[in-house]
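Reviewing the structure listed below.
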Amino acid sequence: VNASRPPGDWQTYDIIFEAPKWDAEGNLLKKAHITVFHNGVVTHHYQDYLGPSGHRKVANYNTVRETGPLKLQNHNNPTRFRNIWIRELDLNANE
Numbered sequence: 007v008n009a010s011r012p013p014g015d016w017q018t019y020d021i022i023f024e025a026p027k028w029d030a031e032g033n034l035l036k037k038a039h040i041t042v043f044h045n046g047v048v049t050h051h052y053q054d055y056l057g058p059s060g061h062r063k064v065a066n067y068n069t070v071r072e073t074g075p076l077k078l079q080n081h082n083n084p085t086r087f088r089n090i091w092i093r094e095l096d097l098n099a100n101e
């Protein structure tokens with residue numbers, strides 16, 4: 007399924023990010039996971055997220071962070087971002 011709308015139409019992304027868990031010594035207890043909806047269609051479901059990535063770099067967990075920056079990338083295309091909402095979810099509410 008091609009979830010993309012025609013060029014020039016607004017695209018939507020809903021992203022659920024579950025942060026990694028660390029112990030007191032900074033050892034990784036649980037990897038981060040990500041679920042992505044593109045225009046309402048699930049494109050990635052609970053995939054391992056290996057950490058920050060960059061050009062010609064393999065992502066890895068090299069820093070313990072409780073929170074971090076959100077970076078949006080446009081690859082030098084005519085891209086505009088709007089209606090960006092960030093909210094913390096309590097994913098352990100039912101445990």
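Each step along the sequence shown adds one to the number in the numbering used here, with nothing skipped, and position 64 is 70. We put the beta carbon where it would ideally sit given N, CA and C, even for glycine.
Quick check: does the Cβ of V70 come within less than 7 Å of any heavy atom belonging to the ligand ADP? Among the components modelled here there is no ligand, and therefore nothing to report on the ligand ADP.
Residues bridged to V7 [DSSP beta-bridge criterion]: Here residue 7 refers to the residue found at position 1 when the sequence shown is read from its first residue. Partner(s): none; V7 has no beta bridge.
Collapsed DSSP secondary structure at K37 in the structure displayed: Position 31 of the sequence shown, counting from 1, holds the residue named residue 37. Reduced to three states, the DSSP call for K37 is coil.
Cβ-based neighbour list, R11, same chain, cut-off 8 Å, excluding 5 preceding and 5 following: Residue 11 sits at position 5 when you count from the first residue of the sequence shown. Around R11: Q17 and N45.
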